[in-house]
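**Student:** When we follow the numbering used here, the leftmost residue of the sequence shown carries the number 15, and every step to the right adds one. For glycine and all other residues, C-beta sits at the position ideal for the given N, C-alpha and C.
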Amino acid sequence: MHCISWKYCRNIKKLKDRIYPFLKEVLAFYCAVAKKGDDGKYHYSPAHACELDILNTADPVQVVSMLKICLDTAIEAADVLKEKETGLIDTWKEIRSSLRDYPEGTDCKGRNIVIDAIGIHPDHHTGQAGALHPLYPCGEISDISHDDIIALYSRTLDSVVDKTAEKSYADSSGYHYKCVWECFFRAMSALRLGRTKEFHELYLPMFLRAYVKPNGLISHDAVITAPETSTEQNLSNIPDSVLLDRSEQMPKFECWSGLTGGASPNPAAKRWAVPLIEGSGDYLTMITECLLQSHNGLIRIFPAWPADKAASFDNLIAEGPFAVSSAIRNGEVSFIHVRKMPDCTRNEFCIKLPWTKSISTIKIPASGCVTINNPQSKDTL
Numbered sequence: 015m016h017c018i019s020w021k022y023c024r025n026i027k028k029l030k031d032r033i034y035p036f037l038k039e040v041l042a043f044y045c046a047v048a049k050k051g052d053d054g055k056y057h058y059s060p061a062h063a064c065e066l067d068i069l070n071t072a073d074p075v076q077v078v079s080m081l082k083i084c085l086d087t088a089i090e091a092a093d094v095l096k097e098k099e100t101g102l103i104d105t106w107k108e109i110r111s112s113l114r115d116y117p118e119g120t121d122c123k124g125r126n127i128v129i130d131a132i133g134i135h136p137d138h139h140t141g142q143a144g145a146l147h148p149l150y151p152c153g154e155i156s157d158i159s160h161d162d163i164i165a166l167y168s169r170t171l172d173s174v175v176d177k178t179a180e181k182s183y184a185d186s187s188g189y190h191y192k193c194v195w196e197c198f199f200r201a202m203s204a205l206r207l208g209r210t211k212e213f214h215e216l217y218l219p220m221f222l223r224a225y226v227k228p229n230g231l232i233s234h235d236a237v238i239t240a241p242e243t244s245t246e247q248n249l250s251n252i253p254d255s256v257l258l259d260r261s262e263q264m265p266k267f268e269c270w271s272g273l274t275g276g277a278s279p280n281p282a283a284k285r286w287a288v289p290l291i292e293g294s295g296d297y298l299t300m301i302t303e304c305l306l307q308s309h310n311g312l313i314r315i316f317p318a319w320p321a322d323k324a325a326s327f328d329n330l331i332a333e334g335p336f337a338v339s340s341a342i343r344n345g346e347v348s349f350i351h352v353r354k355m356p357d358c359t360r361n362e363f364c365i366k367l368p369w370t371k372s373i374s375t376i377k378i379p380a381s382g383c384v385t386i387n388n389p390q391s392k393d394t395l
């Protein structure tokens, strides 16, 4: 989060006082425990793949992908702050250039996928799905990646959805994830992959139906209000297949039973569900992601907004930092206004123009702002 903050605000004082000192402490640990193998790569073993309590695993994708961001930020910060710790910086650069590739495997459906860590079977049930972290939150993989890489992570998301254990069919139809963060991380991965229809037809409705409380707060665990007859009947739709749990096969009904499904015929049940603050952030992040994306240094306008819904936004912050405003109606983006923020030192930005789908580099004039109008639109700024 510190590293993402630097990407979006570029506040030198914050970098010096908070971000860089904190990164030095974090990286002191990861540099100390890194082991260089015969392959010339640095490895982390034993290591923990989040939400999977399996010993004897190594190089979790979640750890390595976020470590890359920390190393990149620390190296850049040292340059920006004119730090003279040459030996430390050289160590960071060496480890950064010698991290292993993310592990891959083939699941039971014959899909070549990224797996959470070395030592985890491709068919093992999954929780937080660290294998998807290069998509989100790390932004390492995006729509400008090679087609083969996008296809690999798309297969990985499909496999993760199939293998998620805390998934409940105690519902009026379909299924829902027991925990809000499971829905959120899969939704964000779908958005980063450009799977817009899936987000709007599956993940967003699930989020609103299963986790939003009457007062607008978001619960950690799902609560579905539905009559017992429909939820019990829907349990018959649990797939007749198994998941792998370490070395044992686990029938899907064991973890998807109605006993822990979060369904109740009582309309007051949602009021009693325990909220958590990150749930509200999850919702805002998903909606903002539909309006504006800027990871990998590329600004994208309304990348996942429904064509049949009009919308506008003012001064959403993109990496740079730039303040961006735009509007869409009838599926047509009319204008894009980009303004340099006070801490921005860049005089140009890279943008994917929504009306041509082409990527352009736009120079910012001395005024510090620029407006790009859609040449085919009557609604201009």
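Over the uninterrupted alpha helix (DSSP H) stretch that includes residue 300, give me the two end residues.
**Tutor:** 291–305
**Student:** Hey, out of 358, 384 and 348, whose CA is closest to residue 369's CA?
**Tutor:** 348
**Student:** Per DSSP, residue 235 forms a beta bridge with which residues?
**Tutor:** 193
**Student:** Checking the sheet assignment: what are the DSSP bridge partners for residue 17?
**Tutor:** DSSP lists no partner for residue 17.
**Student:** Taking only runs of the beta strand (DSSP E) that begin and end inside the stretch 109–187, which ones reach a length of at least 3 residues, in chain order?
**Tutor:** 118–120 and 126–128
**Student:** Excluding five sequence neighbours on each side, which residues of the same chain lie with their C-beta closer than 7 Å to the C-beta of residue 242?
**Tutor:** Shown here for residue 242: same chain residues with a beta carbon closer than 7 Å to its own, the five before and five after excluded, namely 279 in chain order.
**Student:** Between which two residues does the beta strand (DSSP E) containing residue 265 stretch?
**Tutor:** 262–265
**Student:** Buried or exposed: residue 245, going by 16 or more other Cβ atoms within 10 Å of its Cβ?
**Tutor:** buried
**Student:** Going by Cα to Cα distance, which pick from 218, 42, 56 and 359 is closest to residue 111?
**Tutor:** 56
**Student:** Taking 8 Å as the cut-off, decide whether the C-beta atoms of residue 29 and residue 102 are in contact.
**Tutor:** Contact: no.
**Student:** Tell me whether the stretch 311–328 and the stretch 166–186 touch, counting them as touching only if at least three CB pairs, one residue from each stretch, are closer than 8 Å.
**Tutor:** no
**Student:** Where DSSP assigns a beta bridge to residue 383, which residues make up the other side?
**Tutor:** Listed as beta-bridge partners of residue 383 by DSSP are 353.
**Student:** Would residue 73 be called buried (16 or more neighbouring beta carbons within 10 Å of its own) or exposed?
**Tutor:** It counts as buried.
**Student:** Residues in the same chain with beta-carbon distance under 7 Å from residue 339, minus the five sequence neighbours each way, listed in chain order, please.
**Tutor:** 327, 328, 329 and 351
**Student:** At which residue ranges does the stretch 77–114 contain complete alpha helix (DSSP H) runs of 4 or more residues, listed in the order of the chain?
**Tutor:** Those alpha helix (DSSP H) runs which fall completely within the stretch 77–114 and span 4+ residues are 100–111.
**Student:** Is DSSP giving residue 340 helix, strand or coil here?
**Tutor:** strand
**Student:** Whole angstroms are fine: how far does the CA of residue 20 sit from the CA of residue 195?
**Tutor:** Taking the Cα positions, residue 195 is about 24 Å away from residue 20.
**Student:** Rounded to the nearest angstrom, how far is the Cβ of residue 258 from that of residue 137, given a contact under 8 Å?
**Tutor:** 5 Å
**Student:** Where does residue 46 land, buried or exposed, given buried means 16+ other C-beta within 10 angstroms?
**Tutor:** With fewer than 16 other Cβ atoms within 10 Å, it is exposed.
**Student:** Run through DSSP, which three-state label would residue 272 get?
**Tutor:** In this prediction, residue 272 has a pLDDT of 49, which is less than 50 and means its spatial position is unreliable; what the coordinates show is noted afterwards. The answer is helix: DSSP assigns residue 272 an H, G or I state.
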